[in-house]
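S.K.: The structure is given below, and queries will be raised subsequently.
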Amino acid sequence: MSKKLLEIDKLTVSFETDEGIFKAVDDVSFHVKNNEIVGLVGESGCGKSVTALSILRLIPSPAGRIEKGRIIFGGKDLLKLDIREMKAIRGNAVSMIFQEPAAALSPLHKIGQQMIEGLMLHKNISKKTAWNIAEGWLKKVSIPDAGERMFSYPYQLSGGMQQRVIIAMALMLAPDLVIADEPTTALDVTTQAQVFELIKELRQSHTSILLITHDMGVIWEMCDRAVVMYASRIAEEGNINDIFSKPAHPYTKGLLKSVPRLSTDAERLTPIHGYVPSPFNYPSGCYFRNRCPQAFDRCKKEKPQLVDLGNGHKAACFLAEKNKKLCIPTLEHGNEKKS
Ligand SMILES: Nc1ncnc2c1ncn2[C@@H]1O[C@H](COP(=O)(O)OP(=O)(O)O)[C@@H](O)[C@H]1O
Ligand code: SF4
Ligand SMILES: [Mg+2]
1 MSKKLLEIDK LTVSFETDEG IFKAVDDVSF HVKNNEIVGL VGESGCGKSV
51 TALSILRLIP SPAGRIEKGR IIFGGKDLLK LDIREMKAIR GNAVSMIFQE
101 PAAALSPLHK IGQQMIEGLM LHKNISKKTA WNIAEGWLKK VSIPDAGERM
151 FSYPYQLSGG MQQRVIIAMA LMLAPDLVIA DEPTTALDVT TQAQVFELIK
201 ELRQSHTSIL LITHDMGVIW EMCDRAVVMY ASRIAEEGNI NDIFSKPAHP
251 YTKGLLKSVP RLSTDAERLT PIHGYVPSPF NYPSGCYFRN RCPQAFDRCK
301 KEKPQLVDLG NGHKAACFLA EKNKKLCIPT LEHGNEKKS
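Each residue of the sequence shown is one higher than the one before, counting from 1 in the numbering used here.
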């Protein structure tokens, strides 16, 4: 069995705003093994990006604060490293593809210069070699006239092209872990497919990937396992076949039913009713209960904890707990992913 590369243990992150303090990530634990693609999925506002930023210690401070937890990477707790040690991890052992490309590029420097800096710093190679590698990666992510683009400033590139540069920068260092936060949101469908192919290739070369998305279709196509987040907490976790063939949390079931290309008949295309509540307005008991078609009395009074359903499959729902006790399988989709 492959080893855990990243282990997040009881991570809790809070923000202090004018309205008060709230938890953006609440007691979240999961892991990514070597050579594995793990999907972190959930609607907007569930805490996916804050979880990702915590791994690289990039939570905006002082508003944001990691209150508790451990983030073990390669045997070390990243939350205990000093700034110098953390800088050595960023970009080299762990790289991140952000949702927003503009924030990740310096407006003052040419693309080529920005790309070779990381390569020269972390790989100890000459400027000429770094330049050739960087140009090769621009071609791989389908930047036209890659040689000329190396001399462009970010503002001279479209948003989609900037994102492809960021993706090339993250992938070319062949890190142990890539955290990709909705990496293809700004891209057209063809480029999206190319980027997903590149990410799959990376896994062949022993890089693990934490892929953040709101799209269960992407999870199905790309991932070995999925962690479903709802309103700052983990709702369900498991390998892809378990998540898709026997989802145990009504939220996961709702996400699956709202994906057109996964549903087997038109009737099942039902968006989840309502919205993710504001963190200042989480209901008592189960945070999903106001949207849950199966909510019952206990859901108002108690917060469900993750229940182990076997084979690494876990769900935080009282029904999963009950089904486990009765040993009733909750087959829903009948999909089986071939690996
Ligand atoms: N810098 C910030 N300051 C205040 N609140 C924030 C900040 N970043 C994120 N949040 C809040 O934390 C919660 C989780 O956000 P986020 O992790 O970005 O969600 P997701 O990536 O799942 O869409 C949301 O309620 C969001 O508004
Ligand atoms: S605990 Fe209750 S409200 Fe929450 S998901 Fe399960 S059934 Fe629905
Ligand atoms: Mg996000």
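All residues carry an ideal CB built from backbone N, CA and C; glycine is no exception. Just so we're clear, the structure is a prediction, and the values are computed from it rather than from any experiment.
Relative to the C-alpha of Gly118, which candidate in Ala170, Pro183, Pro260 has its C-alpha closest?
M.R.: Ala170
S.K.: Do Trp131 and Met172 have their CB atoms nearer than 7 Å?
M.R.: no
S.K.: Sorry if obvious, but does the Cβ on Lys48 come closer than 6 Å to a heavy atom of ligand 1?
M.R.: yes
S.K.: By a C-beta neighbour count over all protein chains shown, 10 Å radius and 16 as the cutoff for buried, is Asp18 buried or exposed?
M.R.: exposed
S.K.: Identify whether Tyr287 lies in helix, strand or coil by the three-state DSSP scheme.
M.R.: coil
S.K.: Rounding to the nearest angstrom, what Cα-Cα distance links Leu331 and Pro247 in this structure?
M.R.: A caution first: Leu331 carries a pLDDT of 43, below 50, which makes its placement in the model unreliable, though a value can still be read off. Whole-angstrom Cα-Cα distance: 8 Å.
S.K.: Tell me whether Pro279 is buried or exposed, calling it buried when 16 or more other Cβ atoms sit within 10 Å of its Cβ.
M.R.: buried
S.K.: Can you check the segment 187-236 for any alpha helix (DSSP H) of at least 4 residues that lies completely inside it and give the ranges in chain order?
M.R.: 189-204, 216-222
S.K.: I'd like the list of long-range same chain contacts for Leu78, defined as Cβ closer than 6 Å, with 5 residues on each side in sequence excluded.
M.R.: Ile71
S.K.: From which residue to which residue does the beta strand (DSSP E) around Glu7 run?
M.R.: 4-17
S.K.: Less than 7 Å between the beta carbons of Gly159 and Ala180, yes or no?
M.R.: For Gly159 and Ala180, no; Cβs fall outside 7 Å.
S.K.: Below 7 Å between beta carbons: does that hold for Val165 and Ile111?
M.R.: yes
S.K.: Would you say Pro101 and Gln162 are within 7 Å of each other, going by their C-beta atoms?
M.R.: yes
S.K.: My parser needs the beta strand (DSSP E) runs of 3 or more residues fully inside the segment 77-141; what are they?
M.R.: Within the segment 77-141, the complete beta strand (DSSP E) segments at least 3 residues long are 94-97, listed from N- to C-terminus.
S.K.: CB of Phe15 to nearest heavy atom of ligand 1: below 6 Å?
M.R.: At least one heavy atom of ligand 1 lies less than 6 Å from the C-beta of Phe15.
S.K.: Which ranges would you report for the beta strand (DSSP E) in the segment 272-325 if only whole runs of at least 3 residues count?
M.R.: Listed in chain order, the complete beta strand (DSSP E) runs (minimum 3 residues) inside the segment 272-325 are 307-310, 313-315.
S.K.: Of the choices Leu269, Ala316, Gly69, whose alpha-carbon is the least far from that of Arg289?
M.R.: The residue with the shortest Cα to Cα distance from Arg289 is Ala316.
S.K.: Use the C-beta contact count for Ala103: other C-beta atoms within 10 angstroms, 16 or more gives buried, fewer gives exposed.
M.R.: exposed
S.K.: Got a sec, what are the start and stop residues for the alpha helix (DSSP H) Gly69 sits in?
M.R.: Premise fails: Gly69 lies in the beta strand (DSSP E), 64-73, not in any alpha helix (DSSP H).
S.K.: What is the DSSP secondary structure of Phe151, reduced to helix, strand or coil?
M.R.: coil
S.K.: So Gly217 and Val189 are in contact, right, with Cβ under 8 Å, and what is the actual spacing, rounded?
M.R.: Gly217 to Val189, Cβ: 12 Å. No contact.
S.K.: Quick check: does the Cβ of Pro304 come within less than 6 Å of any heavy atom belonging to ligand 2?
M.R.: yes
S.K.: Report the residue from Lys123, Met115, Glu182, Leu177 whose alpha carbon sits nearest the alpha carbon of Ser152.
M.R.: Met115
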